[in-house]
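Reading through the structure tokens given below for one structure.
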Amino acid sequence: MIKPHGSDELNPLYIDDDEQRAALVKEAEKLPSLLLNSAAAANAVMLAGGYFNPLTGYMNLADAMSVAENMRTTDGLFFPVPVVNMTDETGIELGDRIALRDPNVEGNPVLAIMNVAGLESVTDEQIDFMAEKIFRTLDENHPGVSTFKGLGRTMVSGPIDVLNFSYFKDEFPDTFRTAVQIREEIAANGWEKVVAFQT
Numbered sequence: 372m373i374k375p376h377g378s379d380e381l382n383p384l385y386i387d388d389d390e391q392r393a394a395l396v397k398e399a400e401k402l403p404s405l406l407l408n409s410a411a412a413a414n415a416v417m418l419a420g421g422y423f424n425p426l427t428g429y430m431n432l433a434d435a436m437s438v439a440e441n442m443r444t445t446d447g448l449f450f451p452v453p454v455v456n457m458t459d460e461t462g463i464e465l466g467d468r469i470a471l472r473d474p475n476v477e478g479n480p481v482l483a484i485m486n487v488a489g490l491e492s493v494t495d496e497q498i499d500f501m502a503e504k505i506f507r508t509l510d511e512n513h514p515g516v517s518t519f520k521g522l523g524r525t526m527v528s529g530p531i532d533v534l535n536f537s538y539f540k541d542e543f544p545d546t547f548r549t550a551v552q553i554r555e556e557i558a559a560n561g562w563e564k565v566v567a568f569q570t
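What follows is the structure, encoded as structure tokens:
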């Protein structure tokens, strides 16, 4: 089987060890928190499952702009779309360790813990640049454009440890698989060619 994108081994960000995960859940109770938007929460789940290998968290502004323009991070890694966490919340500081809360589950439980490595203001011009490159339009009747332009004007970047898969396992029990599980299934079935698609 071919290697995962960008590395020799998959790097899913979900904390699989029960003891370590329980310790992080307990730690999260004392951390400042950020309520994610749905897009950032979905990105966390994708990072958790290893789908966004070899990323270790959310991109910074330079990488997001580079990916939008060239489909490559600043260090040359091919990536089709920016993986970002944008917000309008204040009170976060560079170097903070914060709990990221899930907007899609009742009670907003902690989805992940993040080390804030970057905290950057994003201008309207930069938002428009990325949106136009990603969606090939700035027409806000396009749902992707309107959603992207409403994510916020502060980009919060840095590595994350993910504590759960949000609602995905419960709502899609028959189809949800991590990248590790998908590769195991491909190997178990002896498949030599598979087709991947994005919806």
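Residue numbers (the numbering used here): 372 to 570. Quick reminder that beta carbons are idealized off the backbone N, C-alpha and C, glycines included. Just so it is clear, the structure is predicted and the values come from calculations on it, not from any experiment.
Per-residue burial, phenylalanine 449 [other beta carbons within 10 Å of its own, 16 or more giving buried]: Reading the sequence shown from its first residue, position 78 is the one you call residue 449. Exposed, since its Cβ has fewer than 16 Cβ neighbours within 10 Å.
Determine which residues share a DSSP beta bridge with tyrosine 429 and list them. Walking along the sequence shown from the start, residue 429 turns up at place 58. In the DSSP output, where bridge partners are listed per residue, tyrosine 429 has Gly529.
State buried or exposed for serine 492, treating a residue as buried only when at least 16 other CB atoms are found within 10 Å of its CB.
Taking the first residue of the sequence shown as position 1, residue 492 is located at position 121. With fewer than 16 other Cβ atoms within 10 Å, it is exposed.
Please confirm whether methionine 501 and proline 451 have their CB atoms less than 8 Å apart. As a working note, residue 501 is residue 130 in the sequence shown. As a working note, residue 451 is residue 80 in the sequence shown. Contact: no.
Tell me which residue opens and which closes the beta strand (DSSP E) that alanine 483 is part of. Residue numbering aside, residue 483 sits at position 112 when the sequence shown is read from its first letter. Per DSSP, alanine 483 belongs to the beta strand (DSSP E) from 481 to 486.
query = In this structure, does DSSP put isoleucine 469 in helix, strand or coil?
reply = What you label residue 469 is simply residue 98 of the sequence shown in a count that begins at 1. Reduced to three states, the DSSP call for isoleucine 469 is strand.
- Query: Just reading off the alpha helix (DSSP H) that leucine 395 is part of, what are its end residues?
  - Reply: Translated into the one-based positions of the sequence shown, residue 395 becomes position 24. Element bounds for leucine 395: 389 to 399.
Thinking glycine 421 and alanine 550 are a contact (beta carbons under 8 Å), I'd like their distance in whole angstroms, please.
Counted from its first residue, the sequence shown places residue 421 at position 50. Counted from its first residue, the sequence shown places residue 550 at position 179. Going by Cβ atoms, the distance from glycine 421 to alanine 550 rounds to 4 Å, so yes, they are a contact pair.
message: Using DSSP's beta-bridge definition, name the partner residues of serine 437.
response: Start at 1 with the first residue of the sequence shown, and residue 437 comes out as number 66. DSSP lists no beta-bridge partner residue for serine 437.
Alpha carbon to alpha carbon, what distance is there between serine 517 and isoleucine 498?
What you label residue 498 is simply residue 127 of the sequence shown in a count that begins at 1. What you label residue 517 is simply residue 146 of the sequence shown in a count that begins at 1. Taking the CA atoms as reference points, isoleucine 498 sits about 11 Å from serine 517.
Report task. Assign proline 383 to buried or exposed, taking buried as 16 or more other Cβ atoms, counted over all protein chains shown, within 10 Å of its Cβ. Result -> Reading the sequence shown from its first residue, position 12 is the one you call residue 383. Proline 383 is buried by the Cβ-count criterion.
Just list the residues that DSSP pairs leucine 385 with in beta bridges.
As a working note, residue 385 is residue 14 in the sequence shown. As written in the sequence, residue 385 is tyrosine, which differs from the leucine given in the question. For tyrosine 385, DSSP records a beta bridge to Val533.
Q: On a CA-only basis, which of Thr427, Leu482, Arg443 is nearest leucine 405? Give me that one, please.
A: Residue 405 sits at position 34 when you count from the first residue of the sequence shown. Cα-wise, what sits closest to leucine 405 is Leu482.
- Message: Which same chain residues end up closer than 7 Å to serine 537 when comparing Cβ atoms and leaving out the 5 residues on each side of it in sequence?
- Response: Taking the first residue of the sequence shown as 1, we reach residue 537 at position 166. For serine 537, where only same-chain residues beyond five positions count, the Cβ hits under 7 Å are Ala412, Val416, Asp473, Asn475, Val476, Leu482.
> Residues in its own chain within less than 8 Å of serine 409 by CB, not counting five upstream and five downstream?
Replying inline: Start at 1 with the first residue of the sequence shown, and residue 409 comes out as number 38. Cβ within range, chain order: Pro474, Asn475.
Quiz item: Does DSSP put leucine 509 in a helix, in a strand, or in coil?
Solution: Start at 1 with the first residue of the sequence shown, and residue 509 comes out as number 138. In this structure, DSSP gives leucine 509 a state outside helix and strand, which the three-state scheme calls coil.
- Query: How many whole angstroms separate the CB atoms of isoleucine 505 and alanine 435, which I take to be in contact at a CB cut-off of 8 Å?
  - Reply: Counting from 1 along the sequence shown, the entry for residue 505 is found at position 134. Counting from 1 along the sequence shown, the entry for residue 435 is found at position 64. At roughly 10 Å, the Cβ-Cβ gap does not stay under 8 Å, so isoleucine 505 and alanine 435 are not in contact.
Assign isoleucine 531 to one of two classes, buried (16 or more other C-beta atoms within 10 Å of its C-beta) or exposed (fewer than that).
-> Numbered from its first residue, the sequence shown carries residue 531 at position 160. Under this definition isoleucine 531 is a buried residue.
| request: Return the chain-ordered list of same chain residues with a C-beta closer than 6 Å to the C-beta of glutamate 400, the five sequence neighbours on each side being excluded. | output: Residue 400 sits at position 29 when you count from the first residue of the sequence shown. Around glutamate 400: no qualifying Cβ.
Check: Could you give the C-beta distance for asparagine 456 and valine 527, rounded to a whole number, given that I count them as a contact under 8 Å?
Finding: The residue you call residue 456 lines up with position 85 of the sequence shown. The residue you call residue 527 lines up with position 156 of the sequence shown. Yes, they are in contact, since the Cβ atoms of asparagine 456 and valine 527 sit about 5 Å apart, within 8 Å.
Checklist entry - Where does phenylalanine 449 fall in DSSP's three states? => result Position 78 of the sequence shown holds residue 449. Reduced to three states, the DSSP call for phenylalanine 449 is strand.
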